[in-house]
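Report on one structure; see the data block that follows.
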Amino acid sequence: MIAVLKPNAPQAQIDNLIAWFKDQGLNVHVSVGDYQTILGLIGDTSKIDIELLEVLDIVESVKRITEPFKNANRKFHPDDTVIKIGNALIGNGHFAMIAGPCSVESENQVLEVATKVQAAGADMLRGGAFKPRTSPYDFQGMKAEGIELLLKAKKITGMPIVSEIMNANHLPLFEEVDVIQVGARNMQNFELLKELGKTNKTILLKRGLANNLKELLMSAEYIMAEGNENIILCERGIRTFETYTRNTIDLSAIPMLKELSHLPVIVDPSHATGIAKLVPPMALAAAAAGADGLMIEVHNDPIHALCDGMQSLTPQQYADLADKVRKIREVIK
Ligand code: PEP
Ligand code: MN
Numbered sequence: 012m013i014a015v016l017k018p019n020a021p022q023a024q025i026d027n028l029i030a031w032f033k034d035q036g037l038n039v040h041v042s043v044g045d046y047q048t049i050l051g052l053i054g055d056t057s058k059i060d061i062e063l064l065e066v067l068d069i070v071e072s073v074k075r076i077t078e079p080f081k082n083a084n085r086k087f088h089p090d091d092t093v094i095k096i097g098n099a100l101i102g103n104g105h106f107a108m109i110a111g112p113c114s115v116e117s118e119n120q121v122l123e124v125a126t127k128v129q130a131a132g133a134d135m136l137r138g139g140a141f142k143p144r145t146s147p148y149d150f151q152g153m154k155a156e157g158i159e160l161l162l163k164a165k166k167i168t169g170m171p172i173v174s175e176i177m178n179a180n181h182l183p184l185f186e187e188v189d190v191i192q193v194g195a196r197n198m199q200n201f202e203l204l205k206e207l208g209k210t211n212k213t214i215l216l217k218r219g220l221a222n223n224l225k226e227l228l229m230s231a232e233y234i235m236a237e238g239n240e241n242i243i244l245c246e247r248g249i250r251t252f253e254t255y256t257r258n259t260i261d262l263s264a265i266p267m268l269k270e271l272s273h274l275p276v277i278v279d280p281s282h283a284t285g286i287a288k289l290v291p292p293m294a295l296a297a298a299a300a301g302a303d304g305l306m307i308e309v310h311n312d313p314i315h316a317l318c319d320g321m322q323s324l325t326p327q328q329y330a331d332l333a334d335k336v337r338k339i340r341e342v343i344k
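Heads up: the sequence shown begins at 12 in the numbering used here, then just goes up one per residue.
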């Protein structure tokens with residue numbers, strides 16, 4: 012349920028109302044906009060009498076939220092959420108470019124890719140240290156050592172870093188990681204989501220291979236219900252009957268998610284297509300469709316990459332794409 016308050020409602024009366032809602036056992040989410048304050052009420056609101064609330068001096072209107080996601084709902088928080096990560100901003104017109112290898116493989120590899128994508132204008136460096144591979148016999152990532160190498164790249168370039176977590180027990184290793192990624196395969200690992208909700212890290216939440224947008228938003232809700240509101244949603248392609256591409260990119264997810272939620276939405280065209288030459292056209296399409304950012308796999312030597320080489324751009328290809336993305340952003344401004 013949301014209670015939209017009248018403009019200029021006195022703070023003391025707002026505080027009294029919030030205290031009363033809390034006495035009723037509800038959690039209250041306060042969204043202060045430029046013109047209005049909105050109180051989002053979470054919990055069992057069935058006993059709240061809407062008509063009684065509506066006659067209060069400070070209340071303009073009261074509505075029930077029918078969607079099961081509350082904190083992530085745009086009705087709770089009409090303004091776009093803007094997240095600050097180092098010097099980068101994402102959301103509400105701020106666009107972030109995240110680039111780097113699928114997996115951290117060596118110091119040379121990660122430092123070379125980091126400096127080159129930074130020169131091409133990337134805002135953040137990605138790199139997997141814990142890799143969710145389909146086969147247990149494939150490269151599983153450099154683990155703690157991989158995180159160390161990312162931190163070294165962060166120190167040298169100043170770029171914030173993004174890396175995937177697979178197990179909440181690894182959280183201490185992620186202390187200096189700026190953005191923690193929850194991969195597609197863990198989107199509904201609810202215990203992991205709850206633990207991440209107890210941190211104040213920015214969480215990059217990827218859509219599951221076979222999950223709809225409501226399920227993605229409910230996973231965001233798991234994190235937010237624990238108090239962490241710093242979430243970036245990521246469309247990375249879904250399973251369909253198409254076999255020429257690794258997944259099928261769902262670009263309509265961008266405007267749909269942005270209508271339903273205030274959270275920033277980015278697109279990963281690398282995993283969405285699985286083919287390097289399809290990455291630029293889909294990245295441009297995502298930027299044109301209103302995405303708040305792009306996450307793109309870049310490798311200094313894609314043919315020899317230990318993971319996802321087929322879909323990785325070279326640093327030069329990435330630089331060319333980044334230029335075009337900036338042009339598309341100019342056009343849609
Ligand atoms: C990745 O980002 O390297 C990754 C494993 O992505 P996804 O979870 O989308 O497959
Ligand atoms: Mn990958």
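A virtual CB, placed ideally from N, CA and C, is assigned to each residue, including glycine.
Assign ASN211 to one of two classes, buried (16 or more other C-beta atoms within 10 Å of its C-beta) or exposed (fewer than that).
ASN211 comes out exposed.
Name the two residues that bound the continuous alpha helix (DSSP H) containing LEU262.
Per DSSP, LEU262 belongs to no alpha helix (DSSP H) and is neither H nor E.
Check for me: the alpha helix (DSSP H) holding ARG340 runs from which residue to which?
Going by DSSP, ARG340 is part of the alpha helix (DSSP H) stretching over 326–343.
According to the Cβ coordinates, are LEU161 and ALA140 closer than 9 Å?
Contact: yes.
Cβ neighbour criterion (16 or more within 10 Å) applied to VAL124
With a 10 Å radius around the Cβ and a threshold of 16 neighbouring Cβ atoms, VAL124 comes out buried.
Between the CA atoms of GLY208 and MET235 - distance to the nearest angstrom
Computed Cα separation, rounded: 6 Å.
According to DSSP, is LYS288 part of a helix, a strand, or is it coil?
In the structure shown, LYS288 sits in a helix (DSSP, three-state: H, G or I).
So does the segment 63–81 actually touch the segment 276–285, counting three or more Cβ pairs closer than 8 Å?
No, they do not touch.
Limits of the beta strand (DSSP E) - the one that ALA14 falls within:
Judged by DSSP secondary structure, ALA14 falls within the beta strand (DSSP E) whose first and last residues are 13–16.
Excluding the five sequence neighbours on either side, which residues of its own chain have a C-beta within less than 6 Å of the C-beta of PRO291, listed in chain order?
Within the same chain, PRO291 has close Cβ partners LEU332.
Under 8 Å: does the beta carbon of GLU175 sit that close to some heavy atom of the ligand PEP?
Of the heavy atoms belonging to the ligand PEP, at least one sits nearer than 8 Å to the Cβ of GLU175.
Is it true that the CB of ALA296 sits closer than 9 Å to the CB of LEU262?
A contact, by the Cβ cut-off of 9 Å.
If you measure from the CB of MET306, is any heavy atom of the ligand PEP nearer than 8 Å?
Correct: MET306 has its Cβ closer than 8 Å to the ligand PEP.
Taking 8 Å as the cut-off, does the segment 96–111 touch the segment 133–148 (at least 3 CB pairs, one atom from each stretch)?
Result yes; three or more Cβ-Cβ pairs closer than 8 Å.
Taking 8 Å as the line, does the beta carbon of GLN120 fall inside it for any heavy atom of the ligand PEP?
Flag unset: Cβ of GLN120 not near the ligand PEP.
Between the alpha carbons of LEU317 and GLN151, how many angstroms are there, rounded?
The alpha-carbon atoms of LEU317 and GLN151 are separated by roughly 9 Å.
Just to check, is the beta-carbon of HIS282 closer than 8 Å to a non-hydrogen atom of the ligand PEP?
For the ligand PEP, at least one heavy atom lies less than 8 Å from the Cβ of HIS282.
In the DSSP assignment, what residue or residues form a beta bridge with GLN120?
Per DSSP, none; premise fails for GLN120.
Helix or strand or just coil, what does DSSP make of GLN192?
The answer is strand: DSSP assigns GLN192 an E or B state.
What runs of the alpha helix (DSSP H), each 4 residues or longer, lie entirely inside the segment 79–157?
Runs of the alpha helix (DSSP H) inside the segment 79–157: 118–130.
Mind checking whether the beta-carbon of SER114 lies closer than 8 Å to any heavy atom of the ligand MN?
Correct: SER114 has its Cβ closer than 8 Å to the ligand MN.
Quick check on ALA294: buried or exposed, where buried means 16 or more other Cβ atoms within 10 Å of its Cβ?
Buried, since its Cβ has 16 or more Cβ neighbours within 10 Å.
The beta strand (DSSP E) enclosing LYS74, as first and last residue numbers
Looking at the DSSP string, the run of the beta strand (DSSP E) that includes LYS74 is 70–74.
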